[in-house]
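Note sheet for the following structure.
Residue numbers (our numbering): 263 to 485.
Printed below as a string of structure tokens:
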């Protein structure tokens, strides 16, 4: 009996040493980081997933970190979503220079809203108005800020992706020249909230305004 009493006495002394008192009230939720809610509404950590759902709301001003977030996401709001753009330009004017790249005036547009990293795809059909061998066109994706350039104006913005080239391999019938093309590029580090224009820079080969573009589609996706 004396040993039990001594053990009890020592246990009480140890509890008092670490700040516990049998007469104190348990800490409320705000003391354990759960905000101003009652003890009955504390969040339970559960050992297995999905566990049992609890009713309530979470409102924090800091950062939430978790290994996995799951759910349908149907009720999520104010979450940035990557911007997209799609347009078709039926008949841009062919470039009228063999000595310099000129803008095609496609006037594609996107305003990044998330990462600032975009994928640009421009595709369509190359057409020719003459039958001359080695006539053709070279072209490349361009982008920039401020006002979008108009057709056959001076080279503007930043050029990205490969330079593609087409020339007539033989003397052809102009009506027969319908060659599909596609060019793409990934652009990173754009400023979120800043509008950008998308265009093709193009230069005629051998004969000005001979080879041009038709039914040009522009697709831009922010990743």
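All residues carry an ideal CB built from backbone N, CA and C; glycine is no exception.
- Between the C-alpha atoms of residue 409 and residue 394 there is a straight-line separation of about 36 Å.
- In the DSSP assignment, residue 461 is bridged to 404.
- The DSSP-derived three-state label of residue 326 is coil.
- The residues 393, 395, in chain order, have a CB closer than 6 Å to that of residue 433 in the same chain once the five nearest residues on each side in sequence are set aside.
- Annotated three-state conformation of residue 356 is coil, per DSSP.
- In this structure, residue 460 lies near residue 370, with their beta-carbon atoms less than 8 Å apart.
- Closest in C-alpha terms to residue 380, from the list 361, 447, 340, comes 447.
- Beta-bridge annotation (DSSP): residue 388 is paired with 441, 475.
- Only residues of its own chain outside the window of five on either side were considered, and among them 370, 480 have a CB closer than 7 Å to the CB of residue 349, listed in chain order.
- By the neighbour-count definition (other C-beta atoms within 10 Å, threshold 16), residue 478 is a buried residue.
- A Cβ-Cβ distance of about 6 Å is found for the pair residue 413 and residue 354, placing them in contact under the 8 Å criterion.
- Secondary structure note for residue 485: it is in no beta strand (DSSP E), with a DSSP letter that is neither H nor E.
- The residue from 340, 391, 424 with its alpha-carbon nearest to that of residue 438 is 391.
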